[in-house]
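Q:
Residue numbers (this note's numbering): 5 to 558.
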């Protein structure tokens with residue numbers, strides 16, 4: 005077996021010789037994606053703190069650096085999916101409505117150059133332990149390559165997709181061909197011409213790989229557990245001049261702050277069945293034809309709440325999708341007449357020609373719901389019942405240990421010495437506002453569990469959270485407060501609010517990564533705050549009002 009991995013590079017220079025790999029800091033940021041880059045900028049350039057950033061990868065970009073697999077691209081349109089800082093967007097021009105991985109990585113290079121971030125970043129630096137010392141009110145952070153840092157403030161900005169989940173298939177290490185993991189794809193081009201390839205998983209990553217590999221492979225076998233309720237991307241090239249209007253760009257970013265989604269769009273303020281069938285159909289056609297996630301995030305307001313409304317949307321989607329698939333069996337597997345779960349409670353992926361691929365004679369679909377994978381052999385994949393699918397190459401696109409996986413890997417120990425990961429494994433996630441953990445003073449986690457994160461436009465949500473964290477730190481300095489913590493009562497109240505809002509929706513009715521149900525043994529619970537950005541903003545400001553009245557000052 006050959007496991008193809010991403011290339012390693014030195015990244016930024018290692019720690020300066022004068023401190024021998026030891027750092028005395030005001031603040032340390034862990035993770036170099038959207039959250040980490042903006043956090044470093046705020047701490048260093050606006051609060052004038054001695055701040056550094058540790059990144060496990062070889063460059064900035066977070067998920068857009070790690071996920072280099074073919075076809076990788078964002079599902080949120082630009083402008084919108086970008087920082088609102090004018091010094092960054094003023095001389096940056098996107099080429100596509102939904103940028104691909106290469107363009108997003110180039111964007112982060114532009115961000116780096118504009119803000120001069122890399123001089124304070126250390127790459128190939130994976131944090132494995134973080135402990136708080138009550139006496140000194142500092143964190144001691146250790147890395148796998150031997151670096152050690154002490155910092156008053158620790159910001160864990162690892163995002164929601166930092167750790168890939170790979171099932172423990174029997175014989176995985178016996179495969180004689182090449183295995184590619186979506187979150188650790190090699191930098192060099194993977195040539196599938198003349199090859200028999202398999203893609204395991206049909207989430208957004210799987211769909212994107214399938215669309216690319218099926219163009220050239222001799223044979224493509226797709227292993228699907230649950231059908232993806234994917235929507236047409238309707239990709240387009242952005243013509244010259246479309247991003248030149250400064251006033252319009254500024255207005256977009258201001259409008260994004262005033263909605264629950266973090267985008268200048270909101271659901272239709274009507275219930276599905278309150279309009280006539282003719283009006284409803286016309287609305288569905290408009291949203292579906294508009295492309296992107298419109299049919300999901302600006303549909304009628306009861307889409308994810310009312311089962312009748314939800315089924316109406318599913319039936320429309322299924323009719324549209326089934327019409328694109330010729331083979332009856334593939335049609336029933338990809339877009340069944342009876343839904344396996346409510347529509348939209350698993351994030352719909354965006355596709356460009358996904359369903360038409362199954363009309364090709366050299367693309368076959370295997371249902372692992374009917375026949376689970378039981379073994380990997382040197383020459384292929386075996387499903388229950390003994391069917392062997394002979395392949396030369398395998399792409400593993402089986403999702404992530406969402407939000408909590410990456411945080412657990414940091415090895416956070418609270419002020420009592422307890423491992424946060426162990427506590428979360430036993431009791432489920434415990435946070436306040438999705439940004440702080442009881443017993444972990446001065447620890448902040450933007451874009452993490454129990455925050456709006458993936459149910460909003462990432463950059464909009466991140467910018468608010470980072471500003472809030474920076475404001476809390478600045479208030480601490482003004483008040484002479486050494487450390488702030490959150491009470492267990494605050495954690496319990498926040499978990500109650502997160503859970504109650506989720507239970508008002510249809511989301512708990514599906515085994516999804518939104519609920520942590522995609523990883524065996526992981527507590528099944530709502531991992532995200534579904535109250536929207538406006539209410540979330542209120543809750544955050546309630547906590548930081550006055551003299552940080554909602555926090556425990558130490």
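Here a beta-carbon is modelled for each residue, glycine too, at the ideal position from N, C-alpha and C. On a predicted model such as this, the values are computed, not experimentally measured, just so you know.
May I ask whether a heavy atom of the ligand MG can be found less than 7 angstroms away from the beta carbon of residue 166?
A: Absent from the structure shown: the ligand MG. Ligands present: none.
Q: Does the segment 297 to 309 come close enough to the segment 345 to 359 that 3 or more CB-CB pairs lie under 8 angstroms?
A: Yes, they touch.
Q: Can you list, in chain order, the residues of its chain with a C-beta nearer than 7 angstroms to that of residue 26? Leave out the 5 residues immediately preceding and following it.
A: Counting only Cβ-Cβ distances below 7 angstroms, and skipping sequence neighbours, we find 152.
Q: Helix, strand or coil for residue 252 per DSSP?
A: Three-state DSSP puts residue 252 in a helix.
Q: So who's on the other strand from residue 28, going by DSSP bridges?
A: In the DSSP output, where bridge partners are listed per residue, residue 28 has 154.
Q: Suppose the cutoff is 7 angstroms on Cβ atoms and the five residues either side in sequence are ignored; what does the same chain contact list for residue 116 look like?
A: The answer, listed in chain order, is 64, 122.
Q: Starting from residue 202 and walking both ways along the beta strand (DSSP E), at which residues does that stretch end?
A: Its beta strand (DSSP E) spans residues 200 to 204.
Q: Does the segment 309 to 323 come close enough to the segment 198 to 210 to have 3 or more Cβ pairs within less than 8 angstroms?
A: They do not touch, by the three-pair rule.
Q: May I have the straight-line CA-CA distance separating residue 335 from residue 234, to the nearest angstrom?
A: Taking the straight line from one Cα to the other gives about 14 angstroms.
Q: At the level of alpha carbons, what is the spacing between residue 425 and residue 363?
A: Between residue 425 and residue 363, the C-alpha separation is close to 45 angstroms.
Q: Within the continuous alpha helix (DSSP H) that includes residue 483, where are the two ends?
A: It spans 462 to 483 - the alpha helix (DSSP H) in which residue 483 sits, taken as one unbroken run.
Q: Hey, quick one: how far does the alpha helix (DSSP H) through residue 562 stretch, first residue to last?
A: In the structure as shown, the chain begins at 5 and stops at 558. Residue 562 is therefore absent and cannot be evaluated.
Q: Among 85, 294, 317, 167, whose alpha-carbon lies nearest the alpha-carbon of residue 275?
A: The shortest Cα separation from residue 275 among 85, 294, 317, 167 belongs to 317.
Q: I'd like to check one pair, residue 263 with residue 439: are the Cβ atoms closer than 8 angstroms?
A: Their beta carbons are not under 8 angstroms apart, which means residue 439 does not touch residue 263 by this criterion.
Q: Work out the CA separation of residue 386 and residue 542 for me, nearest whole Å.
A: Spanning the two alpha carbons is a distance of roughly 52 angstroms.
Q: So residue 44 is in the alpha helix (DSSP H); what residue range does that whole segment cover?
A: 38 to 45 is the extent of the alpha helix (DSSP H) around residue 44.
Q: Consult DSSP for residue 143 and reduce its assignment to one of helix, strand or coil.
A: Of the three classes helix, strand and coil, the one that applies to residue 143 here is strand, per DSSP.
Q: Measuring straight from C-alpha to C-alpha, what distance separates residue 646 and residue 517?
A: Residue 646 lies beyond the stretch modelled for the chain, which goes from 5 to 558, so this question has no answer here.
Q: Which of helix, strand or coil does DSSP assign to residue 371?
A: Here residue 371 sits in strand by DSSP.
Q: How about residue 165 and residue 404: do their beta carbons lie closer than 8 angstroms?
A: The answer is yes: Cβ separation under 8 angstroms.
Q: Any idea what DSSP makes of residue 492, helix, strand or coil?
A: The answer is helix: DSSP assigns residue 492 an H, G or I state.
Q: Could you check whether residue 279 and residue 131 sit closer than 8 angstroms to each other, using their CB atoms as the reference points?
A: The answer is no: Cβ separation not under 8 angstroms.
Q: From residue 118 to residue 96, what does the alpha carbon distance come to, in whole angstroms?
A: The alpha-carbon atoms of residue 118 and residue 96 are separated by roughly 10 angstroms.
Q: Would you kindly report the start and end of the unbroken alpha helix (DSSP H) that includes residue 209?
A: 208 to 220 is the span of the alpha helix (DSSP H), which, as asked, contains residue 209.
Q: Helix, strand or coil: how does DSSP classify residue 89 here?
A: Three-state result, residue 89: coil.
Q: Just verifying my parser: in three-state terms, what is the DSSP assignment at residue 397?
A: DSSP places residue 397 in strand when its eight states are reduced to three.
Q: Along the chain, where does the beta strand (DSSP E) containing residue 116 start, and where does it finish?
A: Not the beta strand (DSSP E): residue 116 falls in the alpha helix (DSSP H), residues 105 to 119.
Q: DSSP three-state label for residue 411, please.
A: Correct three-state label for residue 411: helix.
Q: Taking the alpha-carbon positions, what's the residue 129 to residue 358 distance?
A: The alpha-carbon atoms of residue 129 and residue 358 are separated by roughly 38 angstroms.
Q: What span of residues does the alpha helix (DSSP H) with residue 333 cover, start to end?
A: It spans 332 to 338 - the alpha helix (DSSP H) in which residue 333 sits, taken as one unbroken run.
Q: What residue does the beta strand (DSSP E) around residue 228 start on, and which one ends it?
A: From DSSP, the beta strand (DSSP E) with residue 228 extends over 223 to 228.
Q: Nearest CA to the CA of residue 156: which residue from 237, 420, 448, 393?
A: When only C-alpha atoms are compared, the closest one is 448.
Q: According to DSSP, which residues form a beta bridge with residue 247?
A: Answer by DSSP bridge pairing: none, since residue 247 is not bridged.
Q: What is the DSSP secondary structure of residue 164, counted as helix, strand or coil?
A: Three-state DSSP puts residue 164 in coil, outside helix and strand.
Q: Going by DSSP in three states, residue 73 sits in which element: helix, strand or coil?
A: In this structure, residue 73 counts as coil in the three-state DSSP scheme.
Q: In the DSSP assignment, the alpha helix (DSSP H) including residue 290 goes from what residue to what residue?
A: Element bounds for residue 290: 281 to 294.
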